[in-house]
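Structure, as structure tokens:
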Amino acid sequence: MKVRQISIFLENRSGRLASVLKEVGRAGVNIRALSLADTSDFGILRLIVDNVDKCMKVLKDSGHTVSVTEVLAVEVPDHPGGLAGILDALSEAGLNVEYMYAFVCRATEKAVVVFRFEDVNAAIAALKKSGISILPAEVVYSL
Amino acid sequence: MFNPQAEAMPVGELRKLQGRRLHDLAKRAYDHVPFFRARMQEKGVKPEDIRSIDDIARLPFTTKTDFRDQYPFGMFAVPHQEIIRIHASSGTTGKPTVVGYTRNDIDNWAECAARSLACGGATAADTVQIAYGYGLFTGGLGMHYGAERLGAAALPMSSGNTEKQIMLMKDFGVTVLCCTPSYALQIAEVAAQMGVDLMKLPLKSGNFGAEPWTEAMRKRIEELLPLKALDIYGMSELAGPGVANECLEQNGLHVFEDHFYPEIIDPATGEPLPDGQKGELVFTCLTKEAVPLIRYRTRDITMILDDGPCACGRTGRRIRRLMGRTDDMLIIRGVNVFPSQVEDVLVRIEGVHPQYLIIVDRQGNLDTMEIKVEVTDSLFSDEVRKLEALRDKIHHQIKAMLNVNAKITLVEPKTIERTLGKAKRVQDLRKLT
């Protein structure tokens, strides 16, 4: 259920993102989804890949600061207000979204959005209770 | 000249006075400070061996580390009821360097600060704006007492609030300005923005110090302010500002030698060097009672000028504008900063030994400090707000510890240049020498 996301610290300098992605590509790791959070000084690149362990090793070996965070990939009805409905359910359950981003490709007829919660287990329970579908990790890695 | 008898004393007479005072100083230190007695015993020297100023080389050196080891009052030679003031400056490990003053010490210091102001031609008729910080730092109170001793009107502005400084400077007809040289330039810049023409003000002299500066800065200050910009030297261990000051000849700083005896030594061997040679400046506070400081190694690099008597008539020898430091101390907006202090803050925040680089620069007229910190796995969070909180925490701790506003930049691992495996800690981009 929980998806392992890789986060990488990036300085806000030209070429840094390219350098990370080159390492990942050279290792034969395929990126399933990504998001980049940035400030004026630094950024955090978040990746969902098909081979988490291999990707971690490659990035650590090349001297990057990386960490693994557990996130959830949630199926979102692909129509106006679809995401809003899910966020309503989360807000009713008192859950705070740390950050979220959309998947690059579509798994099914629905869109896929990645969520990061402070309390991932509470989020799983709340989403299930509201009948919202969470994609299993294996499915996500091979999307 | 504020005190011609002392400041223009014939050299022979001055050396004799210094010899007598040195003997008394050695005796005070030996009799009342166990630290000094132990040091003198190690060197096999007794107060009665000190018969002339030339015997000074027989006495041991004192260092900033000694002050730290004797924290807080181990250097004091008088009972506490004789202490009427305590100042302190930043130390290398967070423990400040503590200096006490007896009534006579405060009197002598005020006298020397008054001489410094008079070096620029100040008299009882002047208004002296003191924009050095008031507090534990000796700059503000030192010049304040000097101005009062001179009989001038002291305007105790302390540092900061530049608009108000300019308003009162103009409205009160200030004639003498005391601040760091970079703050003098800051005042000029802000005045221009406010539409105040400083060149129309009755300013005549400025005593600028507490940080290194250059002839180029002097030229710039004198272009923007209608005054003679004079270099002043001092440090809290010795008393405070007023150990030495330039006269209107602007060719080196006259040491007030009846109170402070200067030597230049080879910092590696400790051997005294002749006048005209560059080395580490060492001071002996001949008249200090509370802290009888002997051969204090200032870590400032300069030389005693040997180009003959000064046209102003003062006989105190002149030291050149400071040429550097023997240690890695940085002076940022008048605040002493040691890289080890920055390291202490970082270690205390995260309990790890982070790689860091201090970059000092001067933007416009003000010193800036940036600290780059490598983000290791243990510091890293994948949430922006947590990294920002870490950055802000470092900023606050540095501010609390050093009283400097530093820009904190989080950088990737291994991006800070290492030489021979050891990271370079400081990059000083200011062009001061």
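Protein chains in written order, with this note's numbering: chain R, 797 to 939; chain D, 3 to 435. C-beta: ideal position from N, C-alpha, C; glycine also. Note that this is a predicted model, so its numbers are computed, not measured.
Residue environment analysis places D:Thr271 among the exposed positions, since fewer than 16 neighbouring C-beta atoms fall within 10 angstroms of its C-beta. Around the Cβ of D:Glu113, a 10 Å sphere holds 16 or more other Cβ atoms; the residue is buried.
The alpha carbon of D:Glu282 has as its nearest neighbour, out of D:Met169, D:Glu15 and D:Thr328, the alpha carbon of D:Thr328. Nearest Cα to D:Glu265 within the set D:Glu248, D:Ile306, D:Pro243 and D:Lys230: D:Ile306. Here D:Ser238 is buried, its C-beta having at least 16 other C-beta atoms within 10 Å. With 16 or more other CB atoms across the displayed protein chains lying within 10 angstroms of its CB, D:Asn110 is buried. The continuous beta strand (DSSP E) containing D:Tyr358 extends over residues Tyr358 to Gln365. Going by DSSP, R:Glu871 is part of the beta strand (DSSP E) stretching over Val862 to Val872. Apart from the 5 residues on each side of it in sequence, D:Met11 sits with its Cβ closer than 8 Å to the Cβ of Leu19, Asp260 and Thr317 in its chain, given in chain order. Exclusion of the five residues before and after D:Met159 leaves Gln131, Ile132, Ala133, Lys166, Gln167 and Leu170 as the residues of its chain whose Cβ lies within less than 8 Å of its Cβ. The beta carbon of R:Gly839 lies closer than 7 Å to those of Leu806, Asn808, Leu832 and Ala833 in the same chain, with the five residues before and after it left out. Taking the C-beta atoms as reference points, D:Ala31 is found nearer than 8 Å to D:Ile296.
Under the Cβ distance rule, D:Val375 does not count among the residues neighbouring chain R, no pair being separated by less than 8 Å. Cβ-Cβ distances below 8 Å link R:Glu871 to Ala903, Thr904, Lys906, Ala907, Val908, Ile928, Ser929, Ile930 and Leu931 in the same chain, with the five nearest sequence neighbours on each side left out; the list follows chain order. A residue is called buried once 16 or more other Cβ atoms fall within 10 Å of its Cβ, and D:Asn407, having fewer, is exposed. The beta-carbon of D:Glu419 is placed no less than 8 Å from the nearest beta-carbon of chain R. Contact annotation for D:Pro356 against chain R: no contact, minimum CB-CB distance about 12 Å [criterion: below 8 Å]. Nearest neighbour of D:Asn106 by Cα position, chosen from D:Glu291, D:Glu50, D:Pro269 and D:Ala40, turns out to be D:Glu291. Residues of chain D whose Cβ lies closer than 9 Å to the Cβ of R:Ala918 do not exist, since the nearest Cβ in that chain is about 17 Å away. Annotation: the segment 156-186 of chain D contains the following complete segments of the alpha helix (DSSP H) (minimum length 4 residues), in chain order: 164-173. Taking 9 Å as the upper bound on Cβ-Cβ separation, chain D lies near residues Arg842, Lys856, Gly859 and His860 of the segment 842-860 of chain R. At a cut-off of 8 Å between beta carbons, R:Phe913 makes no contact with chain D. Taking 8 Å as the threshold, the shortest C-beta distance from R:Phe899 to chain D does not fall below it. Between D:Thr304 and D:Met325, the C-beta spacing is below 8 Å. Three or more Cβ pairs closer than 8 Å define a contact, and the segment 74-91 of chain D falls short of that threshold against the segment 40-49 of chain D.
Cβ atoms of D:Leu232 and D:Asn253 stay farther apart than 8 Å, at about 11 Å. Counting C-beta atoms within 10 angstroms of its own C-beta, D:Ile55 has 16 or more neighbours from the protein chains shown and is therefore classed as buried. With a threshold of 8 Å between beta carbons, R:Glu807 makes contact with chain D. By the rule that beta-carbons nearer than 8 Å mark a contact, D:Phe210 does not touch chain R. By the criterion of a C-beta distance shorter than 6 Å, D:Gly315 is surrounded in its chain by Ala10, once the five residues flanking it on both sides are discounted. Judged by DSSP secondary structure, D:Asn106 falls within the alpha helix (DSSP H) whose first and last residues are Arg105 to Cys121.
With at least 16 other beta carbons inside 10 angstroms of its own, D:Val284 counts as buried.
Legend: CB atoms of the segment 874-897 of chain R lying less than 9 Å from CB atoms of chain D belong to residues Glu894 and Tyr895.
Excluding sequence positions up to five before and after D:Val198, its CB lies within less than 7 Å of the CB of Ile168 and Lys172, all in the same chain and listed in chain order.
It is roughly 11 Å from the alpha-carbon of D:Thr182 to the alpha-carbon of D:Pro243. As summarised for the segment 271-334 of chain D, the continuous beta strand (DSSP E) elements at least 3 residues long and confined to that stretch are 281-287, 298-304 and 332-334, given in chain order.
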